[in-house]
Amino acid sequence: MGRGVGARAATGRVSGPITMAASTPHVLVIGAGTGGLCLAHGLRRAGISVAVYERYRTRGEGLLGYRVGIGPTGSRALRECLPPELFDTYLATCARSPRYFNVISQRMRQTASFELRPDTDPVDTERSVARMTLRQVLLTGMEDVVHFDKTFIRYEQRDDGTVTAHFADGSTATGDLLVAADGTHSAVRHQYLPHAVTRDAGTINIATRIPLTPHTRGLLPERIRRGISLIFGAGGMMGVLHVMEFKWDRDGAVKPEVSAADAAVLARWPGLAHDNTRDNINLVIWSTARRFPADVMRRRGEELIRLALELTRGWHPNLRELLACGDPDSALPIRVSTSEPVPPWKSSTVTLLGDAIHTMTPGRGVGANTALRDAALLCRQLRLAAAGDKPLVQAVADYETVMVPYGFARVADSLNRSGTNGDDRMYHPLFGRLALLGARGYFTVTSRVPRLRRKFVDDFYTYRGEED
């Protein structure tokens with residue numbers, strides 16, 4: 001029998017119901033990451049049957065405490081796909097928005113500082129959210145949709161047009177469309193597009209999370225404490241620092257200064273009971289893989305923090321003290337990957353979104369935003385298919401026709417930014433110092449010339465606010 005679905009208004013919200021076709025598709029989503037869960041919410045709002053299969057055993061599993069920067073593109077997609085009350089929860093659970101984009105040296109000397117827009121608009125603002133917190137928000141109300149402890153093994157496209165997913169526990173699930181949202185090492189992609197590969201970008205990150213205490217807070221000047229700070233270090237060692245302050249304290253209680261409206265939203269949100277995120281400082285360092293010992297990917301805990309301290313011997317004592325205060329259990333080595341461009345393929349009842357198709361380095365900080373953009377775009381197309389306006393596979397093809405160009409454009413752009421490419425000139429033994437001086441010089445001039453400073457900020461929001 002028919003199902004009701006809302007027509008998309010110009011704001012991206014859903015308005016009154018329209019009549020659906022006699023049979024709407026059932027969508028299987030492999031992976032309960034940011035993009036997959038956003039898509040699932042959008043489909044459910046549209047009255048389209050959806051089930052999500054996640055390899056983790058529980059909703060709290062995984063190293064998910066690090067920052068995700070959500071720009072206008074991502075917030076717009078979330079507003080379009082989430083129920084309005086859950087979008088309000090997303091806003092209430094974001095950390096304090098950054099007020100500055102800073103560029104500093106390893107000695108904490110300010111090269112540039114750009115004032116960002118205030119967070120008065122729910123969408124057109126740069127927002128900070130912890131991965132674990134965003135995960136709990138997106139899992140809210142989806143208990144009957146998300147199936148945990150389901151490791152995907154393979155799929156089978158059947159003669160009747162359906163597709164069946166097979167899982168490691170021997171179970172199966174059958175639907176009309178299978179969506180790969182299972183990340184960089186996507187098992188779906190390996191089967192569907194074996195020629196679509198990722199490669200080592202040539203850089204390694206060491207990510208640390210430091211509890212925000214009076215001591216660690218006092219190590220940072222105000223602009224760094226209230227902003228995003230990119231560290232251009234001498235000798236080809238880069239870094240980024242974010243301070244994450246939430247609306248709840250270390251005991252999980254809402255802070256007294258939080259507005260009554262946000263306090264009410266948080267009081268109603270069951271996800272806070274599953275979220276162990278607390279105020280913290282994210283400090284990530286990276287460089288060409290040649291700078292790291294061969295066994296870096298096997299190091300954990302105190303051993304990894306000691307390595308970070310060795311690699312930053314010439315850095316300001318306050319930055320090194322932050323590293324020394326890092327939570328050993330959260331320290332993580334990351335080998336940065338990037339996708340290779342993929343030739344066009346024939347669309348079918350299998351498709352992909354996010355890192356499963358276009359893994360990008362963190363050079364522009366748009367991986368999550370692009371996955372959310374994918375989710376909203378695919379949801380729109382599937383709404384049209386469910387309404388009978390186009391065949392399902394045509395909807396998939398129309399999604400892929402738009403997604404592939406912008407996705408891989410961002411892959412290429414990210415690879416060439418912020419030293420996330422191991423072949424960056426800053427890592428060259430002869431020209432590295434000149435490249436570093438050039439980068440610092442660019443930011444210095446841009447921040448001091450009013451016209452250039454305004455253009456930099458406008459371009460920042462334009463890039464992070466692209467839409468289809």
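Going by the UniProt record's numbering, the sequence shown wraps up at 468, each residue one higher than the last. Backbone N, C-alpha and C define an ideal beta-carbon position, used for all residues, glycine too. Since this is a predicted model, take the numbers as computed values, not measurements.
In this model, R55 and V396 are separated by some 25 Å (Cα to Cα). Nearest neighbour of D182 by Cα position, chosen from L434, P341, F460, L37, turns out to be L37.
Under DSSP, Q157 shares a beta bridge with V163.
Rounded to the nearest whole angstrom, the C-alpha separation of L28 and N102 is 42 Å. With distances taken between CA atoms, D249 lies nearest to R278 out of R278, V240, E257, Y53. With contacts defined as CB atoms closer than 8 Å, L78 and L307 fail to qualify as a contacting pair.
Looking at the DSSP output, W315 sits in no beta bridge, so it has no partner there. Three or more Cβ pairs drawn from the region 401–413 and the region 350–366 lie within less than 8 Å of each other, which places the two stretches in contact. About 7 Å separates the Cβ atoms of V188 and V350, confirming a contact at the 8 Å cut-off.
Nearest to L39 by alpha-carbon distance, out of L352, E85, G239, is L352.
It is roughly 42 Å from the alpha-carbon of D124 to the alpha-carbon of A168.
In the pairwise beta carbon analysis, the region 278–295 is classified as not touching the region 144–151: fewer than three pairs are separated by under 8 Å. At the C-beta level, N205 and V68 stay beyond 8 Å of one another. Around the C-beta of W315, 16 or more other C-beta atoms lie within 10 Å, and the residue is accordingly described as buried.
Considering only P83, R454, E126, A207, the residue with the shortest C-alpha distance to M297 is A207.
The DSSP-derived three-state label of R335 is strand.
Separation of G326 and T203 (C-alpha to C-alpha, rounded to the nearest whole angstrom) is 22 Å.
When the alpha-carbon of S287 is set against those of P122, H428, R451, the nearest one is in H428.
Under the DSSP definition of a beta bridge, H26 partners with S49. For G170, the closest alpha carbon among the candidates D159, T151, R99 is that of T151.
Fully contained in the region 46–104 are the following alpha helix (DSSP H) runs of length 4 or more, in chain order: 72–81, 84–93.
Secondary-structure assignment with DSSP links R127 through a beta bridge to I70.
Under the DSSP assignment, L283 falls in the beta strand (DSSP E) whose first and last residues are 280–288.
Bridge partners of V254 according to DSSP: W248. Judged by DSSP secondary structure, S229 falls within the beta strand (DSSP E) whose first and last residues are 227–232. Bounds of the beta strand (DSSP E) holding P211 are 198–211.
When the five nearest sequence neighbours on each side are left out, the beta carbons in the same chain lying within less than 6 Å of the beta carbon of D275 are those of M132, T133, Q136, in order along the chain. In the displayed model, F114 falls within a strand according to three-state DSSP. Distance from the Cα of R127 is smallest, within the candidate group V366, R448, E467, for V366. Counting only residues of its own chain and dropping the five nearest sequence neighbours on each side, T164 has a CB closer than 6 Å to the CB of E156, T172, T174. About 36 Å separates the CB atoms of I30 and S229; that is not less than 8 Å, and the two are not in contact. L177 and L377 do not touch by the CB rule: their CB atoms are close to 14 Å apart, not below 8 Å. Residue environment: H215 is assigned as exposed (fewer than 16 neighbouring CB atoms within 10 Å of its CB, all protein chains considered).
Within the model, the alpha-carbon separation for L91 versus L266 is close to 10 Å.
The Cβ atoms of I305 and M237 do not sit closer than 8 Å to each other. Boundaries of the beta strand (DSSP E) harbouring V350: 350–352, taken from the DSSP string.
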